[in-house]
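Q: Protein chains in written order, with my numbering: chain E, 3 to 273; chain A, 3 to 273. We treat Cβ as the ideally placed atom computed from N, Cα and C, and that holds for glycine.
Number of protein chains: 2
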Amino acid sequence: MIRIGDFSKLSRVSVKALRYYDEMGLLKPVSVDRFTGYRLYEYSQLAVLNRILALKELGFSLEEIGRLLDDGLSLEQMRGMLKLRQTEAHQRVREETERLERIESRLRQIEQENNMSKYDVVIKNVEAIKFASVRDVVQTPPEQGPLWGELEDYLAMRHVRPSGVCFTLYHDEGFKERDCDVEVCEPLDGDLTESTRIKVQTLPAATVACTIHNGPFVTIGEAYNAIGKWLDANGYRIVGPSREVYLNPAKDGIQNDPNTVTELQFPIEKA
Amino acid sequence: MIRIGDFSKLSRVSVKALRYYDEMGLLKPVSVDRFTGYRLYEYSQLAVLNRILALKELGFSLEEIGRLLDDGLSLEQMRGMLKLRQTEAHQRVREETERLERIESRLRQIEQENNMSKYDVVIKNVEAIKFASVRDVVQTPPEQGPLWGELEDYLAMRHVRPSGVCFTLYHDEGFKERDCDVEVCEPLDGDLTESTRIKVQTLPAATVACTIHNGPFVTIGEAYNAIGKWLDANGYRIVGPSREVYLNPAKDGIQNDPNTVTELQFPIEKA
DNA sequence: TCTTGACTCTCCTGTTGCTGGAAGGTGTAT
DNA sequence: ATACACCTTCCAGCAACAGGAGAGTCAAGA
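#1: Within 7 Å (strictly less), CB to CB, does V23/E reach chain A?
#2: How far does the beta strand (DSSP E) with S165/E in it extend, from its first residue to its last?
#3: Just the Cα atoms here: how many angstroms apart are N280/A and N227/A?
#4: Do you know how far the Cα of H215/E is from the Cα of E145/E?
#5: Start and end of the alpha helix (DSSP H) containing Y226/E?
#6: Any Cβ of chain A within less than 7 Å of the Cβ of N258/E?
#7: Would you list, in chain order, the members of the stretch 40-56 of chain A that have their beta-carbon closer than 7 Å to a beta-carbon of chain E?
#8: What span of residues does the alpha helix (DSSP H) with F9/A cover, start to end?
#9: Count the other C-beta atoms from every protein chain shown that fall within 10 angstroms of the C-beta of A130/A, then say buried if there are 16 or more, exposed otherwise.
#10: With a threshold of 7 Å between beta carbons, is R108/A in contact with chain E?
#11: Give me the Cβ distance between I270/A and V210/A, rounded to the nearest whole Å; I'm assuming they're in contact under 8 Å.
#12: So, for K30/E: in the same chain, excluding its five sequence neighbours on each side, which residues have a beta-carbon less than 7 Å away from its beta-carbon?
#13: Scan the stretch 128-205 of chain A and note each continuous beta strand (DSSP E) run of 3 residues or more that stays entirely inside, going in chain order.
#14: Are the stretch 118-138 of chain A and the stretch 101-108 of chain E touching by the rule of at least three beta carbon pairs closer than 8 Å?
#15: Am I right that T213/E and V128/E are in contact with their C-beta atoms under 8 Å? What's the rounded C-beta distance?
#16: How should S244/A be labelled, buried or exposed, when 16 other C-beta atoms within 10 angstroms of its C-beta is the threshold for buried?
#17: Would you grab the beta carbon distance between A225/A and L190/A for me? Rounded to a whole angstrom, and I think it's under 8 Å.
#18: Short check: CB of Y218/E to CB of N258/E, under 7 Å?
#19: Please work out which residues of its chain come closer than 7 Å, Cβ to Cβ, to N116/E, disregarding the five sequence neighbours upstream and downstream, and give them in chain order.
#20: Looking at chain E, is there any beta carbon in it that lies within less than 7 Å of the beta carbon of Q114/A?
#21: Would you list the one or two residues that DSSP bridges to I214/A?
#22: In terms of alpha-carbon separation, which member of P143/A, M159/A, K201/A and C168/A lies closest to K178/A?
#23: Which bits of chain E does R104/A rub up against, with CB to CB less than 8 Å?
#24: According to DSSP, is R41/E part of a helix, a strand, or is it coil?
#25: Can you give the Cα-Cα distance for G166/A and C187/A, rounded to whole angstroms?
#26: Please report the straight-line C-alpha distance between K11/A and L42/A, rounded to a whole angstrom.
#27: Do V184/A and V140/A have their C-beta atoms within less than 7 Å of each other?
#28: With DSSP collapsed to three states, give me the class of R21/E.
#29: Between A273/A and the rest of its own chain, which residues show a CB-CB distance below 8 Å, the 5 nearest in sequence each way excluded?
#30: Would you decide whether Q47/A is buried or exposed? Buried here means 16 or more other CB atoms lie within 10 Å of its CB.
#31: Between Y172/A and I200/A, is the Cβ-Cβ spacing less than 7 Å?
#32: If contacts are defined as beta-carbon pairs under 8 Å, then I112/A and R53/E qualify, I think. What distance do you get, rounded to the angstrom?
#33: Between L171/A and chain E, is there a C-beta pair that is closer than 7 Å?
#34: Compute the Euclidean distance between the alpha carbons of I4/A and R160/E, then round it to the nearest angstrom.
#35: Chain E partners of I214/A, CB-CB under 7 Å?
#36: So that I know if they touch, is there some Cβ in chain E lying closer than 7 Å to that of Q93/A?
Given below as structure tokens:
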């Protein structure tokens with residue numbers, strides 16, 4: 003029988019941790035002095051402690067370990083739990099690897115361009131969205147103005163009000179300055195009858211890389227630039243039309259309001 | 003100006019998190035209604051939030067992010083912090099990969115042998131240790147008894163008492179049943195003059211894989227077996243003599259006490 | 001105008017696996 | 001007797017929020 007301090011030295015597990023394991027019911031000392039409260043361990047309990055540590059290494063929580071130690075665990079159960087830990091560990095390896103890639107791409111960016119981009123790209127999941135839209139080819143993006151007029155008139159006439167922020171889909175692959183295949187969209191809650199020009203569709207939920215452009219449209223190219231580089235550097239592939247979401251739409255037509263806030267969203271997949 | 007719920011929907015960051023960021027000083031709403039306490043955000047703050055999220059992805063804590071946002075961070079500083087994160091991320095990738103390996107080796111073990119080993123192997127760091135010892139070649143391990151007598155007599159004559167648990171070093175590479183090069187050791191605190199047979203040395207601190215054998219010595223082969231397999235399966239290399247640590251030494255000479263507790267320690271390196 | 005129902009606020013607790021420290025009792029060697 | 005190392009319990013804290021209670025706010029519909 004040895005006291006907690008010696009047990010701790012032998013096992014290289016802190017006294018605090020041992021007391022915690024006692025409290026959690028993972029490893030009770032074989033006896034506790036009735037008067038002093040001193041915990042007394044047997045050497046043979048080091049084997050139990052080793053089992054606890056080994057399970058911890060495998061990624062089990064202390065609570066799970068407690069159950070594993072109590073229940074004479076069947077092999078099948080054990081196998082199942084290990085499989086679970088396996089996928090989790092896999093997942094975390096992936097995450098950390100991606101994090102590492104991102105860090106390295108940032109470092110490269112600093113080395114090469116010697117500055118920090120004003121655009122930060124983040125990945126998020128957006129929900130499916132139902133919307134009414136007009137699609138057409140315009141000479142340059144700013145010329146989508148009339149399409150907006152057309153769409154809004156149509157909605158107003160049918161007393162339908164958009165249920166969220168409007169956006170434009172760019173159907174061309176890659177960036178294109180002229181003859182752009184654009185689709186201007188207003189999100190919808192209820193129903194709407196279509197016409198030859200106005201269609202109702204649903205965009206599926208997606209994982210998108212996005213960045214925020216603060217300022218007038220004339221400079222939005224920088225944002226496209228930044229997000230494009232980021233996708234490249236971090237190994238993502240574009241898998242659908244990009245969206246320009248007009249969070250705080252321009253007040254004066256579509257051009258030069260400096261308070262405009264626009265979000266760029268690119269549906270992506272890991273390359 | 004939008005309320006927290008809408009800001010949350012646009013950013014896909016929970017309301018709780020936004021309030022927390024406010025409290026931490028990371029992202030204050032541009033205004034707070036004096037009467038209702040409602041937080042009001044600007045669309046343009048989505049860019050700040052994106053920066054926060056991007057830094058979080060890189061592995062920074064919220065506190066660090068706070069400082070990064072406040073101090074107009076110099077590029078050099080940023081580079082330094084990124085380098086730090088980089089090594090950390092590297093470290094974690096390694097850890098998770100090793101965890102994954104261990105899980106997979108356990109799974110293989112279950113598939114193949116259809117049972118769970120009674121021996122759990124854990125890795126720990128042991129400190130340097132000074133000791134007195136006798137080294138000799140014995141026909142079989144159990145025949146080290148006389149060496150123990152020799153060592154203990156020597157210590158007793160010089161009124162030196164061991165300062166910890168005794169152990170044996172096995173200097174042979176691999177497992178050997180006969181003509182074993184063993185060294186029986188008693189840890190020491192103070193000084194001791196050497197003789198031709200008795201030497202004083204210091205084992206350096208080391209990383210060891212260890213397992214606990216509960217029971218008589220005759221069955222200790224199983225423990226060696228288990229630890230050997232484990233090292234193999236998890237990609238470790240033995241880099242020094244193994245130690246047999248007699249935690250709860252046998253009472254009857256050295257053979258058959260069932261309450262004996264012995265720890266096997268193998269100094270290792272990742273292969 | 002009243003009533004819903006959806007939002008929002010603050011404040012408190014809980015999460016995980018411990019670490020650190022305070023205040024006080026033990027054990028042993030000098 | 002007196003150190004000094006140990007041991008005990010209890011409380012606080014970490015990181016980044018989530019969940020919920022209890023109460024106030026807002027806009028739309030009856």
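A: On the basis of the data shown:
#1: Within the first sequence, residue 23/E is the residue found at index 21, counting from 1. Strictly speaking, residue 23/E in this sequence is Tyr, with Val absent from that position. No - not a single Cβ of chain A is within 7 Å of the one on Y23/E.
#2: Within the first sequence, numbered from 1, the residue matching residue 165/E stands at position 163. Going by DSSP, S165/E is part of no beta strand (DSSP E) at all; its letter is neither H nor E.
#3: Residue 280/A lies beyond the residue range present for chain A, which begins at 3 and ends at 273; the question has no answer from this structure.
#4: Residue 145/E sits at position 143 when you count from the first residue of the first sequence. Residue 215/E sits at position 213 when you count from the first residue of the first sequence. Going from the Cα of E145/E to the Cα of H215/E covers about 19 Å.
#5: The residue given as residue 226/E occupies position 224 in the first sequence. In the DSSP annotation of this structure, the continuous segment of the alpha helix (DSSP H) that includes Y226/E starts and ends at I222 to A235.
#6: By 1-based counting over the first sequence, the position of residue 258/E is 256. No, N258/E does not count as interfacial toward chain A.
#7: From the stretch 40-56 of chain A, only Y45, S46, L48, A49, N52, R53, L55 and A56 have a Cβ closer than 7 Å to chain E.
#8: Counting from one through the second sequence, the residue named residue 9/A turns up at place 7. Element bounds for F9/A: I6 to S13.
#9: On the second sequence, residue 130/A is found 128 positions in, with the first residue counted as 1. Exposed, because fewer than 16 other Cβ atoms sit within 10 Å of the Cβ of A130/A.
#10: Numbered from 1 along the second sequence, position 106 holds the residue referred to as residue 108/A. Yes, its Cβ sits closer than 7 Å to a Cβ of chain E.
#11: Counted from its first residue, the second sequence places residue 270/A at position 268. Counted from its first residue, the second sequence places residue 210/A at position 208. Correct: roughly 6 Å between the Cβ atoms.
#12: Here residue 30/E is taken as the residue at index 28 of the first sequence, counted from 1. The answer, listed in chain order, is D24.
#13: 131-140, 169-172, 182-189 and 200-205
#14: no
#15: Taking the first residue of the first sequence as 1, we reach residue 213/E at position 211. Taking the first residue of the first sequence as 1, we reach residue 128/E at position 126. The pair is not a contact, with the Cβ atoms about 14 Å apart (cut-off 8 Å).
#16: Residue numbering aside, residue 244/A sits at position 242 when the second sequence is read from its first letter. That one is buried.
#17: Your numbering for residue 225/A matches position 223 in the second sequence. Your numbering for residue 190/A matches position 188 in the second sequence. That belief does not hold up - the Cβ atoms of A225/A and L190/A are roughly 27 Å apart, past 8 Å.
#18: Here residue 218/E corresponds to residue number 216 of the first sequence, with the count starting at 1. Here residue 258/E corresponds to residue number 256 of the first sequence, with the count starting at 1. Before going on, a small fix: residue 218/E reads as Pro here, not Tyr. A contact, by the Cβ cut-off of 7 Å.
#19: Sequence index remark: in the first sequence, residue 116/E carries index 114 (1-based). Cβ neighbours of N116/E beyond the five flanking positions: none.
#20: Translated into the one-based positions of the second sequence, residue 114/A becomes position 112. Not an interface residue.
#21: Taking the first residue of the second sequence as position 1, residue 214/A is located at position 212. According to DSSP, I214/A bridges with E265/A.
#22: Counting from 1 along the second sequence, the entry for residue 178/A is found at position 176. Comparing Cα positions, the closest option is P143/A.
#23: To locate residue 104/A, count along the second sequence from 1; it is residue 102. Within chain E, the residues E59 and L60 have their CB atoms less than 8 Å from the CB of R104/A, given in chain order.
#24: Against the first sequence, residue 41/E aligns to sequence position 39. Three-state DSSP puts R41/E in a strand.
#25: Against the second sequence, residue 166/A aligns to sequence position 164. Against the second sequence, residue 187/A aligns to sequence position 185. If I take the Cα positions, the gap works out to 10 Å.
#26: Mapped onto the second sequence, residue 11/A falls at position 9. Mapped onto the second sequence, residue 42/A falls at position 40. Answer to the nearest angstrom: the Cα atoms are 14 Å apart.
#27: Numbered from 1 along the second sequence, position 182 holds the residue referred to as residue 184/A. Numbered from 1 along the second sequence, position 138 holds the residue referred to as residue 140/A. Their beta carbons are under 7 Å apart, which means V184/A touches V140/A by this criterion.
#28: For the purposes of this step, residue 21/E is taken as residue 19 along the first sequence, with counting starting at 1. Per DSSP, reduced to three states, the secondary structure at R21/E is helical.
#29: The count along the second sequence starts at 1 and reaches residue 273/A at position 271. Answer for A273/A: G237, Y238 and R239, listed in chain order.
#30: Residue numbering aside, residue 47/A sits at position 45 when the second sequence is read from its first letter. Q47/A should be labelled buried.
#31: Within the second sequence, numbered from 1, the residue matching residue 172/A stands at position 170. Within the second sequence, numbered from 1, the residue matching residue 200/A stands at position 198. Not closer than 7 Å, so no.
#32: The residue you call residue 112/A lines up with position 110 of the second sequence. The residue you call residue 53/E lines up with position 51 of the first sequence. Actually they are not in contact, since the Cβ atoms of I112/A and R53/E sit about 15 Å apart, beyond 8 Å.
#33: As a working mapping, residue 171/A is identified with position 169 in the second sequence. Taking Cβ atoms only, chain E never reaches closer than 7 Å to L171/A, which makes this a no.
#34: Reading the second sequence from its first residue, position 2 is the one you call residue 4/A. Reading the first sequence from its first residue, position 158 is the one you call residue 160/E. Rounded to whole angstroms, I4/A to R160/E spans 28 Å at the Cα level.
#35: What you label residue 214/A is simply residue 212 of the second sequence in a count that begins at 1. L48, A49 and N52, listed in chain order.
#36: The sequence position of residue 93/A within the second sequence is 91, counting from 1. No, its Cβ sits nowhere closer than 7 Å to a Cβ of chain E.
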